[in-house]
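Student:
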Amino acid sequence: MSSLLFISPFCLSVFHCHCSKCYSVPARKRIRKRPSAVTLLSLPEEVILCVLQCLSAEDLLSIRAVHSQLRDIVDNHSSIWARVSFRDKWPSPNTLWLFERAAEKGNFEAAVKLGIAFLYNEGPLLSDEGRADVCGRKASHFFSLAESLRSPAADPFIWVFIRPPWSPTGSCCKAVVFDRLKAECDNNVVGFNNDNSCGEDNKHCDAVSMLEESSLAGCVQSSYLLWEHSRKAAVSVSDPGRYLQCIRRLRDYAGKGCWEAQLSLAKVYCSGNPLGLEPKARSDLVAQVFSSSNPASQHCINAILRKSIKDTMRYILVDWLVEVTTMKDFSSLTLHVTVSCVDRYLARRSVPKARLQLLGIACMVVCTRYISKEILTIREAVWLTDNTYKYEDLVRMMGEVVSVLEGNIRSPTLLDYGEVLLLLLPLERRTSHLFSYICELSLLYSSLSRPPPAKLACAALLLTRALHHCAPIWPTILHDYTGFSKDDLVPLSVLFSQDVPKDYRHISLTGVKQRFEDEAYQDISKEKVMDYGDLCQVLGIPEVEPQMETFSPAGQPSDIHTFLASPSSSKRRRDDGMQLHRGSFVATPTMELSNQEEMLLDDILDWSLDTSCSGYEGDREEESEGEREEDCKYGGRSWVVNAGKVNSCKTDHHKSIYCNNSSLLSFLYPLFFMYPLSVYLSLLLLLLLLLLLACVFVFLFRVPTTHVKFQVLFFFFKLYSAK
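Sequence positions in the sequence shown follow mature numbering (1 follows the signal peptide of the UniProt record, and there is no 0) and run -19 to -1, 1 to 704.
#1: Tell me whether Asn57 is buried or exposed, calling it buried when 16 or more other Cβ atoms sit within 10 Å of its Cβ.
#2: For Ala447, which residues in the same chain have their Cβ closer than 8 Å to its Cβ, ignoring the five residues on either side in sequence?
#3: Please list, in chain order, all residues of the same chain as Gly117 whose beta carbon is under 7 Å from its beta carbon, the five residues on each side excluded.
#4: Starting from Gly341, trace the alpha helix (DSSP H) both ways and give me its first and last residue.
#5: Per DSSP, what kind of secondary structure is Ser66 in: helix, strand or coil?
#6: Which residues does DSSP list as the beta-bridge partners of Ser37?
#7: Measure the alpha-carbon distance for Leu670 versus Thr369 and round it to whole angstroms.
#8: Under the rule that 16 or more other beta-carbon atoms within 10 Å means buried, what is Gly199, buried or exposed?
#9: In this structure, does DSSP put Phe416 in helix, strand or coil?
#10: Lys94: buried (16+ other C-beta within 10 angstroms of its C-beta) or exposed?
#11: Tell me whether Ala438 is buried or exposed, calling it buried when 16 or more other Cβ atoms sit within 10 Å of its Cβ.
#12: Could you tell me if Gln202 is buried or exposed, where buried requires 16 or more neighbouring beta carbons within 10 angstroms of its beta carbon?
#13: For Asp167, which of Glu194, Asp499, Ile143, Phe142 has the nearest alpha-carbon?
#14: Throw me the rounded Cβ distance for the Ser252 and Leu404 pair, which I believe falls under 8 Å.
#15: How about Val65 and Leu41: do their beta carbons lie closer than 8 Å?
#16: Determine the DSSP secondary structure at Pro407, reduced to helix, strand or coil.
#17: Using the three-state DSSP reduction, which class does Met511 fall into: helix, strand or coil?
#18: Judging by CA-CA distance, which residue of Tyr398, Pro25, Tyr418, Ser43 is the nearest neighbour of residue 711?
#19: Are the beta-carbon atoms belonging to His449 and Thr412 less than 8 Å from one another?
#20: Smallest Cα separation from Val270: which of Glu259, Pro260, Leu256, Tyr250?
#21: Is there contact between the segment 256 to 267 and the segment 300 to 315, where contact requires at least three CB pairs shorter than 8 Å?
#22: Using only CA atoms, which one of Ser125, Tyr418, Ser196 lies nearest to Ala134?
#23: Measuring alpha carbon to alpha carbon, tell me which of Phe138, Ser121, Asp136 ends up nearest Ala164.
#24: Over what stretch of residues does the alpha helix (DSSP H) that includes Ala328 continue unbroken?
#25: Kindly give me the distance between the Cβ atoms of Ser152 and Gly104, rounded to whole angstroms, as I take these residues to be in contact under 8 Å.
#26: Leaving out the 5 sequence neighbours to the left and right, which residues in its chain are closer than 6 Å to Ala92 when beta-carbon positions are compared?
#27: Using 8 Å as the threshold, is the C-beta distance between residue 742 and Leu246 below it?
#28: Taking the CB atoms as reference points, tell me whether Leu33 and Ile44 lie closer together than 8 Å.
#29: For Gly87 versus Leu130, is the C-beta distance shorter than 8 Å?
#30: Mind checking whether Ile97 and Gly380 have CB atoms under 8 Å apart?
#31: Quick one: Cα of Tyr234 to Cα of Asp136, how far?
#32: Which residues in the same chain as Ser274 place their Cβ atom closer than 8 Å to its Cβ, once the five residues preceding and following it in sequence are excluded?
#33: So the candidates are Glu421, Cys451, Ser430; which of them puts its Cα closest to the Cα of Ser506?
#34: Here's the rule I'm using: 16 or more other beta-carbon atoms within 10 Å means buried, otherwise exposed. How should Glu409 be labelled?
#35: Assign Lys237 to buried or exposed, taking buried as 16 or more other Cβ atoms, counted over all protein chains shown, within 10 Å of its Cβ.
#36: Roughly how many whole angstroms lie between the Cα atoms of Leu664 and Ala675?
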């Protein structure tokens, strides 16, 4: 029984057992209070501001529409608009108000993109009437705003976009921006001397006068440029007192944090002692310059690898940039600064593989305008990618690069410290070419972006002296003036790689080797070098196999083709007989074309570029004859250096079928791969249509019956009407 009843004679009552089935005490219900909902508005306002500052512009507008309190926070705090992100966004008629509001609130990215958009008329839709004046006025306003948002010690950058050549017709937007910015400077600077009575040297006097006014306003870079001008004058007149005063001014600029002045002062200490310092004091000052080299590139390369940019992709991109530098006869400094901009951009922003080449050429366009006398125009840069990208794509990428780098285009490179080393301990001409060769080869490998450029320059010099048997390979003077010992540099000097990546055509990438196969460099890349065992013996270290930088096979060949699909690399190689004169094979214009001249020229020549959306004609030019020539790669020995180790290796002859100029395949290859696939499909469809028409006419002429002929014609007429 599950329940037992006990009847007592003394008490008529019922007793239940206390089992769980027949006796259960109802549990007492506890009413739990629901916790109050914790939302974004429950956070302190300081925390909400930190959260909103990390949003993009579109997300910020969505958050603003959620609640009235959020709307008040967004509208009343300028710091949110100053830090909102416009990543991969460009001003358009629908978003123009958003960019303008953010720029007026202190957003550097919005101000830069608006200035470039109005300068090139790319984005905002404006009428053609008065376009140069309207766009120039707006572009100058936002460029000036962008410069005011930077640190006073930062180098100006907006002049990169408005530097000549200008259009001679007066409709150039660059000239309008320059005039308005100059007028703004004249109004803000007290006591500006506008007397231009300098005769034939009027422009030169204007430039010196502007540098003086800028120096008085506190621009350290202008002070340094003015010092360079005065130094040349002091050296030319051979006045010791004037030269001593010039060096003292340089020391003051170096103390203000100008790295260019610091390197120039180090060169002065290495080449002489004009200030009468002790040798120990001079060596300590130069060593301090080398020790202050920024090692931020170590974090840069790690960030690049985290963003799915493989070593092979970067290698191929840099190799292609070397080809462009060689073809356009740009300096090695331009190449080094371009690669530095690419690495710094990739460390902050992720780029799809299909746009990696666009990033590289955009950085080169900006850097040539910042450094080189001859610029790389936007139209020519688009042509160098075989029209893989459009004019407006390159303009927008330039805005992305400058905004992400915050206008800091130039930074100390390997070559800057190399110049100091060569002044401290000069080398023979051929040995100095080997040093330049090693420095340029170091750009190809991502692992060599980790050490500071000063230390890498010392490692390259150590390897150069070891390869050419200079004794001692690391003298005491180098140790005292750089602060690096031989033991500190040997680990960088013995790293090397045997694996050379190949492009999607299975051709080894040897752009740097071909660049130094020139009489100007005494054919230094053809020099036979010692093997690894002999190098270890010269350096005095045990022969231990170094860590090799391997290239992932996943990046070749199809993966490479996806981000560098242009076959331009086969057309950019210079042959041995190319003339050294730049004007014979480059296409940089000496003046700009107006709208009328551009329209007339478009009627005569087929530009094969989409320029309907490009609003600035100063960056357009025609192709030169040298760029139309089809160059090729030659088989043979390819030289590889990683962190300074030069190695010669044989290329596969069965894969170099494109390297024979006389072969039929090398002639047919550019013929069948220089146009997009859609062009060949259209031609094939046209050929099939012509073949069909030919068959119809043959059938009509061979059939004797006229009635049958009319039936066939009627059939094709009905078929055409149905379509």
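By construction, the Cβ of each residue, glycine as well, lies at the ideal position given by its N, Cα and C atoms.
Tutor: Judging by the given coordinates:
#1: exposed
#2: Ile454, Ser474, Leu516, Val519, Leu520
#3: Cys154, Val157, Val158, Arg161
#4: 337 to 351
#5: strand
#6: Ser66
#7: 30 Å
#8: exposed
#9: helix
#10: buried
#11: buried
#12: buried
#13: Glu194
#14: 5 Å
#15: yes
#16: coil
#17: coil
#18: There is simply no residue 711 to check, as the chain begins at -19 and stops at 704 in what is shown.
#19: yes
#20: Tyr250
#21: no
#22: Ser196
#23: Ser121
#24: 313 to 329
#25: Not confirmed; about 20 Å, so no contact.
#26: Ala84, Phe123, Leu126, Ala127
#27: Residue 742 is absent from the structure shown; the chain starts at -19 and stops at 704.
#28: yes
#29: yes
#30: yes
#31: 13 Å
#32: Pro393, Tyr398, Pro433, Pro434, Ala435, Lys436
#33: Glu421
#34: exposed
#35: exposed
#36: 17 Å
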